[in-house]
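Inspection log for the structure reproduced underneath, given as structure tokens.
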Amino acid sequence: MKLFAHWELIKHLTMREIKARYKQSFLGLFWVILNPFFQMLIMSFVFSHIMKVQNLGVPFPIFLYAGLLPWTFFANSISNSMSILPENGSLIKKIYFPREILIISTLLAKAFDFALSTIVFILLMFWFHIPFTAYMLLFIPLFALQFVFTLGISLLLSVMNLLYRDVQYLFTLILTLWFYLTPVIYSIDFFPEQYRWIFKINPMAVFINAYREVLLGGDAPNWASLGIGILVSGLLFIVAFSIFKKAEGMFADVV
Amino acid sequence: MIAWIYVTMYTIMTHEHSVIAFSNVEKYFFLQHQKTLKELVQALFIKQKTLERIHALKDLSFTVEKGECVGIIGKNGAGKSTLLKLIAQVSSPTSGTATINGKVAPLIELGAGFHPELTGRENVFLNGVILGMKESFIKKKFADIVQFAELNEFIDMPVKYYSSGMYMRLAFSVAIFIEPEILLIDEILAVGDTAFQEKCLQKMNEFKKNGTTIIFVSHSMDTVKNFCDRVIYLQEGKILYDGETKKGLELYHQK
């Protein structure tokens, strides 16, 4: 990969995404933080006061937030990646640069959002007196792993959506289903035992469980299921990247 | 035998000097009749055509030497933009070889790399790195770029407030500071006021004198006549005429 040669391009495209958004609206970057924050408040209210969730070991708001932030990164990265190629059609037709740069910078811009929302998360950790442990540092490689997984899916779907522009609508539906099959708003213990294998093969479930284990449980993640996550992410990325590179040659013809 | 060696040697030698060498280039691409999955499924049911192979370029062979200024003319759909895409290397030939020696700079269509929310200054950097310039190089040339575009007072304003003339001036100014070896110009001079057009033509003449190869695609036969020493006349993907401008234009007007 010649990505190092293009790091300035990656940097500027990422900044374009970030700057354009905060210039567009009055509250700008605050939306990035406020959005998941309000989502967390609403859901916390619903689940802890109306549905009465119990026995999570930690307060529900922070439990929810630890799942909601990675999920928001995942869902937003994919939906933005799917439209980035058609949006930059006039560039693709005129000038060559490795096209995965467009996808990578989309994800980096979303990673920036993720980092911003993390600040609120840390404040919440203080608020709820969650002890800080060395295991929390595992959060960084975990995010890297989730990044690779998200990148794999984004590369694949961006190509599909370039060919058939309604793939994005179809995938929005799938994403809704996926959200409920991932322990974002609930803990896996609430799920019927005979269906829990779903969480073993769903990498997003693996990641979110691992985030909670290292951040809130103050414990090591479940290495066995994380191993599956690494394997799936790696394989998916390799397959997706080679498909993307094969298809790249015709982007200028179909965009 | 000797003649054959001579011809081969000659081809090799000339190709070494040529900045652009096309030999037996064929370009097919698939035209998708359905742009969405929904349409595709419907089409499969009623057995409609889904993909159509388009023969865009047929057996193209030509070379362009350093410093030549070549106009590409032809009716709509003759393959002009496909040819330009091959020279810009955003698309690759189906068979045959297209060799390009040197840095290619496309004059991107109005603001393709621009973002309306970003300021002129931010867009200069964004567009510059997209065109393959180093950030440090743009910094060095920044004052010249702004001065050429005559946008000194407006450079820190979001480009969404620019008039189309200002937009184009900025885009053009960034592109000419790239110091390309091959400059691709696609109708960009059609916009903007006459004074600036004059200035651009002057700049392009300067390029010509300095030995930059220029590929010029235009529907304005006057500009082609004044500017190009050679034209390639395309019709239905084939070269109908390749030679001096005057004769090429005569042929074009006869049709």
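Sequences listed follow chains E and F, in order. Take the first sequence: its letters are residues 451 to 705, numbered as in this note's numbering. Take the second sequence: its letters are residues 78 to 332, numbered as in this note's numbering. Even glycine gets a Cβ: it sits at the ideal position worked out from N, Cα and C. All values reported here derive from a predicted model rather than from experimental measurement.
Would you give the residue range spanned by the beta strand (DSSP E) that residue i belongs to?
i: residue 487(E); result: Here residue 487(E) belongs to no beta strand (DSSP E); instead the alpha helix (DSSP H) covers 479-495.
i: residue 103(F); result: 95-109
i: residue 307(F); result: 307-312
i: residue 76(F); result: There is no way to answer for residue 76(F), as the model of chain F reaches only from 78 to 332.
i: residue 317(F); result: 315-321
i: residue 263(F); result: 259-263
i: residue 290(F); result: 290-294
i: residue 637(E); result: Careful: residue 637(E) lies outside any beta strand (DSSP E) and carries neither H nor E.
i: residue 167(F); result: Run containing residue 167(F): none; DSSP gives neither H nor E here.
i: residue 172(F); result: 172-177
i: residue 118(F); result: Run containing residue 118(F): none in the beta strand (DSSP E); it sits in the alpha helix (DSSP H), 114-122.
i: residue 182(F); result: 181-183
In the DSSP assignment, find the alpha helix (DSSP H) that holds residue i and state where it starts and stops.
i: residue 510(E); result: 510-537
i: residue 703(E); result: 673-704
i: residue 464(E); result: 457-474
i: residue 226(F); result: 212-226
i: residue 653(E); result: 653-665
i: residue 607(E); result: 589-613
i: residue 147(F); result: Note, residue 147(F): premise wrong, no alpha helix (DSSP H); beta strand (DSSP E) at 146-150.
i: residue 252(F); result: 241-253
i: residue 201(F); result: 197-207
i: residue 301(F); result: 298-304
i: residue 570(E); result: 550-577
i: residue 272(F); result: 271-286
i: residue 617(E); result: 617-630
Just tell me which of the options has its CA closest to the CA of residue i.
i: residue 396(E); options: 586(E), 619(E), 602(E); result: Residue 396(E) is absent from the model: chain E starts at 451 and stops at 705.
i: residue 22(F); options: 120(F), 234(F), 272(F), 164(F); result: Only positions 78 to 332 of chain F appear in the structure, and residue 22(F) is not among them; the question remains open.
i: residue 544(E); options: 174(F), 172(F), 173(F), 167(F); result: 167(F)
i: residue 675(E); options: 651(E), 684(E), 513(E); result: 651(E)
i: residue 193(F); options: 181(F), 178(F), 180(F), 233(F); result: 233(F)
i: residue 314(F); options: 143(F), 149(F), 145(F), 189(F); result: 149(F)
i: residue 536(E); options: 644(E), 625(E), 549(E), 525(E); result: 549(E)
i: residue 525(E); options: 457(E), 500(E), 599(E); result: 599(E)
i: residue 305(F); options: 293(F), 190(F), 312(F); result: 293(F)
i: residue 104(F); options: 159(F), 114(F), 225(F), 227(F); result: 159(F)
i: residue 261(F); options: 289(F), 211(F), 275(F), 121(F); result: 289(F)
i: residue 574(E); options: 614(E), 529(E), 513(E); result: 513(E)
i: residue 326(F); options: 316(F), 178(F), 190(F), 298(F); result: 298(F)
i: residue 521(E); options: 664(E), 656(E), 505(E), 695(E); result: 656(E)
i: residue 247(F); options: 177(F), 284(F), 211(F), 202(F); result: 202(F)
i: residue 207(F); options: 222(F), 189(F), 196(F), 197(F); result: 189(F)
i: residue 490(E); options: 518(E), 465(E), 473(E), 618(E); result: 518(E)
i: residue 308(F); options: 199(F), 321(F), 300(F); result: 321(F)
i: residue 694(E); options: 462(E), 473(E), 646(E), 553(E); result: 553(E)
i: residue 707(E); options: 591(E), 454(E), 474(E), 576(E); result: Missing from the structure shown is residue 707(E); chain E here goes from 451 to 705 and no further.
i: residue 701(E); options: 686(E), 610(E), 523(E); result: 610(E)
i: residue 586(E); options: 596(E), 572(E), 597(E); result: 572(E)
i: residue 137(F); options: 120(F), 122(F), 119(F), 174(F); result: 174(F)
Less than 7 Å between the C-beta atoms of residue i and residue j, yes or no?
i: residue 516(E); j: residue 662(E); result: yes
i: residue 498(E); j: residue 608(E); result: no
i: residue 181(F); j: residue 259(F); result: yes
i: residue 604(E); j: residue 527(E); result: yes
i: residue 555(E); j: residue 460(E); result: yes
i: residue 668(E); j: residue 581(E); result: yes
i: residue 106(F); j: residue 639(E); result: no
i: residue 134(F); j: residue 102(F); result: yes
i: residue 551(E); j: residue 705(E); result: no
i: residue 464(E); j: residue 594(E); result: no
i: residue 615(E); j: residue 276(F); result: no
i: residue 162(F); j: residue 311(F); result: no
i: residue 98(F); j: residue 176(F); result: yes
i: residue 671(E); j: residue 660(E); result: yes
i: residue 578(E); j: residue 633(E); result: no
i: residue 183(F); j: residue 155(F); result: no
i: residue 124(F); j: residue 110(F); result: no
At 8 Å on the CB atoms, spell out the chain B contacts of residue i, in chain order.
i: residue 458(E); result: No chain B appears in this structure, whose protein chains are E and F.
Please name the residues in the region 105-136 of chain F whose beta-carbon is closer than 8 Å to at least one beta-carbon of chain E, in chain order.
Cβ contacts with chain E come from 106, 107, 109, 111, 112, 113, 114, 115, 117.
What residues in the region 535-550 of chain E bring their beta carbon closer than 9 Å to a beta carbon of chain F?
For the region 535-550 of chain E, which is checked against every Cβ of chain F, the residues closer than 9 Å are 538, 539, 540, 541, 542, 543, 544, 545, 546, 547.
Given a limit of 7 Å on CB to CB distance, which residues of the region 468-497 of chain E reach chain F?
Against chain F - using a Cβ distance shorter than 7 Å - the residues of the region 468-497 of chain E are 469, 470, 473, 474.
Going along the chain, which residues of the region 168-181 of chain F sit with their C-beta nearer than 7 Å to a C-beta in chain E?
Sequence-ordered contacts of the region 168-181 of chain F with chain E read 168, 169 [C-beta pairs closer than 7 Å].
Contact between the region 556-570 of chain E and the region 479-486 of chain E: three or more CB pairs below 8 Å?
Yes, since at least three Cβ pairs between the region 556-570 of chain E and the region 479-486 of chain E fall closer than 8 Å, the two stretches touch.
Contacting positions in the region 198-213 of chain F - beta carbon closer than 8 Å to chain E:
So the close ones are 199, 202, 203, 206, 207, 208, 209, 211, 212.
Kindly confirm or deny that the region 235-255 of chain F and the region 206-226 of chain F touch, where touching means at least three C-beta pairs closer than 8 Å.
Under the Cβ criterion (8 Å, minimum of three pairs), the region 235-255 of chain F counts as touching the region 206-226 of chain F.
Give, in chain order, every residue of the region 616-647 of chain E whose Cβ lies closer than 8 Å to some Cβ of chain F.
Closer than 8 Å at the C-beta level to chain F, one finds these residues of the region 616-647 of chain E: 616, 617, 620.
Members of the region 291-315 of chain F near chain E, C-beta cut-off 9 Å:
Here the close residues number zero.
Would you list, in chain order, the members of the region 141-165 of chain F that have their beta-carbon closer than 7 Å to a beta-carbon of chain E?
Going along the region 141-165 of chain F in chain order, one finds 162, 165 with a Cβ nearer than 7 Å to chain E.
Near-chain E residues of the region 255-285 of chain F - C-beta to any C-beta below 7 Å
Within the region 255-285 of chain F, no residue has a Cβ that lies closer than 7 Å to any Cβ of chain E.
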